[in-house]
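Down below is the structure, laid out as structure tokens.
Protein chains: 2
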Amino acid sequence: MNSTDVRKRITIKDVAQAAGVSTQTVSRVMNKFSYVSEETRQRVETVVNQMGYHPSTLARSLIQQRSYTLGVVTFGLKYIGPSRTLNGVADKADELGYMLLMKDLDNFNINRIDEVIDSLLARQVDGIIWVAPEIGENHTWVEERKEKIPVPVLFLAMRPRPGIPSVATDNYQGAVMAIQHLLDCGRKKIGHISGPISWWEAEERKRGWRDTLRAAGLDASDYHCTEGNWSSASGEQAFTQLLERYPDMDAVFVANDQMALSVLRETYRLGIRVPDQLAVVGFDNIAESAYFHPSLTTISQDLQLLGEQAVQSVVEMIQSMQQDQPIIAQSKFIQPTLVIRESSL
Amino acid sequence: MNSTDVRKRITIKDVAQAAGVSTQTVSRVMNKFSYVSEETRQRVETVVNQMGYHPSTLARSLIQQRSYTLGVVTFGLKYIGPSRTLNGVADKADELGYMLLMKDLDNFNINRIDEVIDSLLARQVDGIIWVAPEIGENHTWVEERKEKIPVPVLFLAMRPRPGIPSVATDNYQGAVMAIQHLLDCGRKKIGHISGPISWWEAEERKRGWRDTLRAAGLDASDYHCTEGNWSSASGEQAFTQLLERYPDMDAVFVANDQMALSVLRETYRLGIRVPDQLAVVGFDNIAESAYFHPSLTTISQDLQLLGEQAVQSVVEMIQSMQQDQPIIAQSKFIQPTLVIRESSL
DNA sequence: ATATCCTATGTTATCGATAACATGTTATCG
DNA sequence: CGATAACATGTTATCGATAACATAGGATAT
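Chains as they are written, first to last, in numbering that gives the first Met the number 0: chain A, 0 to 344; chain B, 0 to 344.
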């Protein structure tokens, strides 16, 4: 509508012409570290500011064969976990001068995976971070494609495997801490509500529960455990079922806080006193858990840090690659912490 | 380490050579809609598949002056609200063939805003979506810069203003629904715990509360309202304070579910029966609210839809711009819905 | 004083694709 | 049957920047 609306992009040529130098000189001024006389530098800089010139990262990416952009593939952004992780990724990427090209996958469709990877590569991302839980065999595609992807790929929340770079919370250790805490409180009959056991994280948490109890000479069979799907609704069901099976249980370790919330709700409804009759420990430490009643003892995992570490690792790999050094595929573990609140005192 | 690791990008030239045609012909095959003989098409396609060729979106963006990428600026990704919105944005963008270039701002720093916009523009984004709440005067920069940004910019969760495209939940209407519901239940003394009143959303919700009560000839002054900062911790304080001021209150409308959670917790601690003595209504309908006890009546806002609408609008604006049509700056409102649960029956 | 290096800047090639134009072949039409 | 249109393909210019190379003057070294 407005005729001044026709804002053409200002290019390096425009600047060069206005400053009476070659584009190469402008490029030198913009990128520092090259011979330019102080006088010329000033003149060019003045013009750059006046015209409001900003170099096209796009053009630069093309010639330099790197984009200073990381691809991030998320799975279920709508859940709070991935988005907190993404926050860490975003922060660290910003700090290290990278932008994020994002793709959210709603369901794990193998066909879409190739498509997504290709679309990221077509935009020259320098590395890829995969923010997706390991479920069943959904990681197998990696082994198959690993050799074909020309940039470093890192996996979050995946079981550590030699040769595959990953960063994950130590879910096993978290569970061990939770159970140890309950044992320290004198509990002996500790049930478990697990997540969907095809998820690696659910499996690890369950394994921590089982191993710790058995090491203490206590019961921990599948009989003392029921399975939910992470949702509060499923937690309610799983708890009812567990209570039937294991009526004299004196504590329950719930694989996430959402499910623990409905456990608390049910205990209230059934008149079970928490923590006197039944201690409850969750996992994740979502913001609300401090305000459940009773407030929830839980395992806090630092998802922000998880995301940051992921970026750190990928960027290191990118740098190695750039210097033609071999890439060392590391697997990092982030230790969770125990947060003791009313539900287990 | 592995010598086959040196995976060079396959370019259109490689394909052209292998297929014995010009690059232009390959381009024609890739982009359809142009004269290519069936025979040539087949031959090229075979080579493309064999070599695993994927065109560089980067190079294409450069020549076509458009990237099929949207810039998304978020403010506080760590909160569940923005990330649910982002989910909607991601889905719709995917559906319409766009990728997302993301930047998260942790605090509202005017200097950084320019920098962020520039970095997005340097990467040729076709449009920008601003996923940030309107707080105080933080929108003023827009009016100043609007003319200088060569692509459509849309704002989420901002007060509708003529000439500035935006999409927002109708917070006022949501509050009206909440209060109307309480009135229908026979409540007459309805207090309010607001969000930080410098936030537009907090202001709107409060306004809906006030107007509806006054229209019904009931009390609604600042005396019947206290202010929190959205967090559960602040909700506890705000509730304690409100209860002192307004002891015979028979209902409270809390500006978000997190704060409502601690209100429920406090009522329990103080022996106030919900809903008999005090009805509670929240806002947002977070996943957990159905499992609070009592379960929370709340206003559900469809953040997913919000994000989708935003992308829809921006893409429409991009298309108008491409056809040199004037851009019509629309402001859309998304209607929230009332979810009745135990806390207000 | 001549060879050599450092400084300062310009010129040309290049990244990977598409746009614009050119050219030749085969149908179609009056 | 010659003109015109539709088809099929190639050639050259271009997007906006940087890499690689070239050039020339002044400082330094021997």
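Beta carbons: idealized from backbone N, C-alpha and C, even for Gly.
For this session: For alanine 58 of chain A, verify whether its CB is less than 8 Å away from any heavy atom of the ligand COA.
Result: Among the components modelled here there is no ligand, and therefore nothing to report on the ligand COA.
For this session: Can you check DSSP and say which residues form a bridge with isoleucine 192 of chain B?
Result: B:Thr225 and B:Val253
Problem set entry | Spatial distance of glutamate 143 of chain A from isoleucine 109 of chain A (CA atoms) | 12 Å
For this session: Figure out for me which residue from A:Gly162, A:Gly173, A:Ile127 and A:Asp169 has the closest Cα to the Cα of valine 152 of chain A.
Result: A:Ile127
Exercise. Between the beta-carbon of threonine 22 of chain A and the beta-carbon of alanine 121 of chain B, is there less than 9 Å?
Worked result: no
Exercise. Does DSSP classify lysine 331 of chain A as helix, strand or coil?
Worked result: strand
Exercise. Thinking C-beta only, is alanine 250 of chain B closer than 9 Å to glycine 234 of chain B?
Worked result: no
Problem set entry | Given 8 Å, three or more beta-carbon pairs between the segment 288-302 of chain A and the segment 131-142 of chain A | no
Problem set entry | Which listed residue (A:Pro335, A:Ser342, A:Val338 and A:Ala328) has its alpha carbon closest to that of isoleucine 163 of chain A | A:Ala328
Problem set entry | Where the segment 34-62 of chain B meets chain A: residues whose CB sits under 7 Å from a CB there | His53, Pro54, Ser55, Thr56, Leu57, Ala58, Ser60 and Leu61
Exercise. Is there a Cβ from chain A that is less than 9 Å from the Cβ of aspartate 249 of chain B?
Worked result: no
Exercise. What distance in whole Å lies between the Cβ atoms of valine 314 of chain B and leucine 95 of chain B, which are believed to be in contact at a cut-off of 8 Å?
Worked result: 5 Å
For this session: Between the Cα of threonine 10 of chain A and those of A:Leu269, A:Gln318, A:Gln172 and A:Val47, spot the shortest distance and give me the residue it belongs to.
Result: A:Val47
For this session: Determine the DSSP secondary structure at methionine 101 of chain B, reduced to helix, strand or coil.
Result: strand
For this session: Please classify glutamine 49 of chain A: is it buried, with 16 or more other beta-carbons within 10 angstroms of its beta-carbon, or exposed?
Result: exposed
For this session: With a threshold of 16 other CB atoms inside 10 Å of the CB of serine 312 of chain A, please say whether the residue is buried or exposed.
Result: buried
For this session: On a CA-only basis, which of B:Thr45, B:Leu212, B:Tyr267 and B:Leu217 is nearest threonine 239 of chain B? Give me that one, please.
Result: B:Tyr267
Exercise. Mind checking serine 2 of chain A: buried by the 16 CB within 10 Å criterion, or exposed?
Worked result: Because the pLDDT at serine 2 of chain A is just 31, under 50, the model does not fix this residue reliably, and the value given afterwards should be weighed accordingly. The residue is exposed, with fewer than 16 neighbouring Cβ atoms inside 10 Å.
Problem set entry | Of the listed residues A:Gln321, A:Glu114 and A:Ala201, nearest to proline 54 of chain B (C-alpha basis) | A:Glu114
Problem set entry | Contacts that proline 359 of chain B makes with chain A (C-beta to C-beta distance below 8 Å) | Summary: the structure shown does not reach residue 359 of chain B, with chain B confined to residues 0 through 344, and so no result is reported for it.
Problem set entry | Cβ pair aspartate 323 of chain B, glutamine 300 of chain B closer than 9 Å | no
For this session: Give a yes or no on whether 9 Å exceeds the smallest Cβ distance from proline 132 of chain B to chain A.
Result: no
For this session: Show which residues of chain B have a CB atom less than 7 Å away from the CB atom of glutamate 287 of chain A.
Result: Ser231, Gln257, Leu260 and Glu287
Exercise. Which runs of the alpha helix (DSSP H) spanning at least 4 residues fall entirely within the segment 158-203 of chain A, listed in chain order?
Worked result: 170-183
Exercise. Nearest CA to the CA of leucine 305 of chain B: which residue from B:Trp208, B:Asn170 and B:Val262?
Worked result: B:Asn170
Exercise. To which residues of the same chain is arginine 65 of chain B closer than 6 Å at the C-beta, ignoring the five residues directly before and after it?
Worked result: Asp125
Exercise. Name the chain A residues whose beta carbon is nearer than 8 Å to that of lysine 77 of chain B?
Worked result: Ser82, Arg83, Asn86 and Gln303
Exercise. Along the chain, where does the alpha helix (DSSP H) that runs through isoleucine 112 of chain B open and close?
Worked result: 109-121
For this session: Just mark tyrosine 245 of chain B as buried or exposed, buried being the case when its beta carbon has 16 or more other beta carbons within 10 Å.
Result: buried
Problem set entry | Rounded straight-line distance, which links the Cα of alanine 17 of chain B to that of glycine 70 of chain B | 37 Å
Exercise. Around the Cβ of leucine 269 of chain A, are there at least 16 other Cβ atoms within 10 angstroms (buried) or fewer (exposed)?
Worked result: exposed
Exercise. With distances taken from CA atoms, which of B:Val88, B:Gln321 and B:Gly185 is nearest alanine 215 of chain B?
Worked result: B:Gly185
Problem set entry | Coarse secondary structure for isoleucine 79 of chain A, derived from DSSP in three states | helix
Problem set entry | Cβ-based neighbour list, asparagine 228 of chain B, same chain, cut-off 8 Å, excluding 5 preceding and 5 following | Gly194 and Pro195
Problem set entry | Three-way DSSP call (helix, strand, coil) for leucine 295 of chain A in this model | coil
Exercise. Does the beta-carbon of lysine 102 of chain A have 16 or more other beta-carbons within 10 angstroms, so that it is buried, or is it exposed?
Worked result: buried
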